[in-house]
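The structure appears right after this line, and notes come after that.
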Ligand code: HXC
Ligand code: NAP
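Quick look at the structure:
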């Protein structure tokens with residue numbers, strides 16, 4: 004199967020202006036590339052302007068689309084407001100906000116300084132809040148007919164997870180914001196959805212979550228019932244659909260794309276996957292035998 008196949012029809016995002024926070028690398032870059040291929044204008048933002056400019060140049064050459072690089076640290080509301088003003092100056096309007104920027108690293112929680120915990124909360128929760136509030140106020144003020152916020156969370160937003168507690172805490176907040184505003188802002192034509200990816204290898208995530216030989220020690224494919232990690236295009240396909248008009252009746256949803264990973268961990272008896280086929284006859288006989296006595 005070709006997991007890198009592209010899903011939507013040509014021009015599916017033509018005429019749309021999309022802002023992708025953290026769009027200079029990893030999954031943000033992959034989604035940006037596909038949005039450009041589908042005809043959208045895209046502004047990519049993060050702290051590192053050099054990196055953004057290189058990515059914008061590369062993607063413009065590859066896709067022929069228009070990609071604007073803008074420096075913006077999402078932790079600062081004034082920088083978010085300036086970024087929005089630049090986007091409006093360049094494109095005249097904005098239709099979609101993709102809250103993708105994040106910070107994360109593994110650590111036993113008791114080893115974290117207060118500042119380390121705050122740093123992750125500030126990028127993920129406060130950053131998504133800053134962008135959502137600035138863009139939402141703009142859309143409401145302009146009485147724009149339809150606009151979309153798409154938030155990238157993760158499955159531990161609802162299960163929780165040790166060793167990434169600031170990230171889990173922040174992503175849970177982003178999910179609550181998604182569902183809350185999906186209802187409150189629907190009257191303004193604003194749709195709010197989220198994607199919860201499982202493992203999609205990127206340099207940014209793997210260096211911080213599986214440093215050194217952890218990647219070979221903890222084979223992520225073993226945690227996934229489909230026995231593979233995600234292909235970036237699979238995520239880009241889902242994101243493109245959720246920001247397009249084709250998903251116009253989807254609001255307040257979180258779509259999981261993880262090959263069944265979190266459910267494998269959650270299901271009480273999923274460990275029985277390790278029982279070899281040939282043992283089942285014996286086990287069935289033992290159980291039936293017990294039942295007849
Ligand atoms: C403990 C750490 C630490 C670590 C940093 N700190 N790394 N503490 N263990 N590994 C502490 C520092 O000592 C400092 O506290 C505080 O955190 C802030 O660190 P800075 O380096 O000053 O912060 P900053 O330069 O703002 O960088 C932010 C960052 C960095 C989050 C620390 O890693 C970053 O820029 N990340 C962006 C990209 C990223 O994280 N991508 C991965 C997303 S993956 P003190 O007290 O000393 O001042 C993801 C996947 C989810 O979210 C799900 C996967 C399945
Ligand atoms: P990544 O490449 O490290 O992406 C994170 C991006 O956020 C970077 O481009 C970074 O750019 C930007 N960023 C960090 N702090 C910022 C700030 N203060 N202001 C603005 N931008 C900031 O990692 P990724 O794997 O692609 O992650 C993308 C998203 O997917 C994140 O929301 C992550 O939680 C989510 N996710 C990833 C996985 C996975 O397996 N990869 C799984 C579940 C969820 P700068 O450094 O230039 O600022």
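In the numbering used here, the protein residues as written are 4 to 296. All residues carry an ideal CB built from backbone N, CA and C; glycine is no exception.
Residue range 52 to 66 is occupied by the alpha helix (DSSP H) that includes residue 66. The C-alpha of residue 44 lies about 45 Å from the C-alpha of residue 273. For residue 169, the enclosing alpha helix (DSSP H) begins and ends at 168 to 187. The ligand NAP has a heavy atom closer than 6 Å to the beta-carbon of residue 202.
Judged by the Cβ position, residue 211 qualifies as a neighbour of the ligand HXC at the 6 Å threshold, a heavy atom of the ligand being closer than this. For residue 122, the shortest separation between its Cβ and any heavy atom of the ligand HXC lies below 6 Å. In this structure, residue 128 places its C-beta atom within 7 Å of the C-beta atom of residue 173. For residue 74, same chain residues with a beta-carbon under 6 Å away, outside a window of 5 residues either side, are 52 in chain order. Counting along the chain, residue 86 sits inside the alpha helix (DSSP H) bounded by residues 80 to 94. Taking 6 Å as the cut-off, the C-beta of residue 30 counts as close to a heavy atom of the ligand NAP. The beta carbon of residue 202 lies closer than 6 Å to those of 223, 232 in the same chain, with the five residues before and after it left out.
The C-beta distance from residue 156 to residue 177 rounds to 5 Å, short enough to meet the 8 Å contact threshold. Taking the Cα positions, residue 132 is about 15 Å away from residue 193.
Spanning the alpha carbons of residue 291 and residue 270 requires a straight line of approximately 24 Å. For the pair residue 107 and residue 211, the CB atoms are nearer than the 7 Å cut-off. Going by C-alpha positions, residue 253 is about 21 Å away from residue 236. Assigned with DSSP and collapsed to three states, residue 195 falls in strand. For residue 105, the shortest separation between its Cβ and any heavy atom of the ligand HXC lies below 6 Å. Counting the other CB atoms within 10 Å of its CB gives residue 40 a total of 16 or more, which places it among the buried residues. The segment 91 to 100 and the segment 13 to 24 touch, with three or more beta-carbon pairs separated by less than 8 Å.
Between residue 197 and residue 181 the beta-carbon gap is near 5 Å, inside 8 Å, which marks them as a contact. At least one heavy atom of the ligand NAP lies closer than 6 Å to the C-beta of residue 54. Taking a contact as a CB-CB distance under 8 Å, the pair residue 23 and residue 34 counts as one, their CB atoms being some 6 Å apart. In this structure, the CA atom of residue 88 is about 10 Å from the CA atom of residue 137.
Collapsing the DSSP output to three states places residue 124 in a helix. As far as DSSP is concerned, residue 234 takes part in no beta bridge. The residue from 225, 67, 283 with its alpha-carbon nearest to that of residue 263 is 225.
If you compare the alpha carbons of 247, 265, 260, 281 with that of residue 14, the shortest gap goes to 247.
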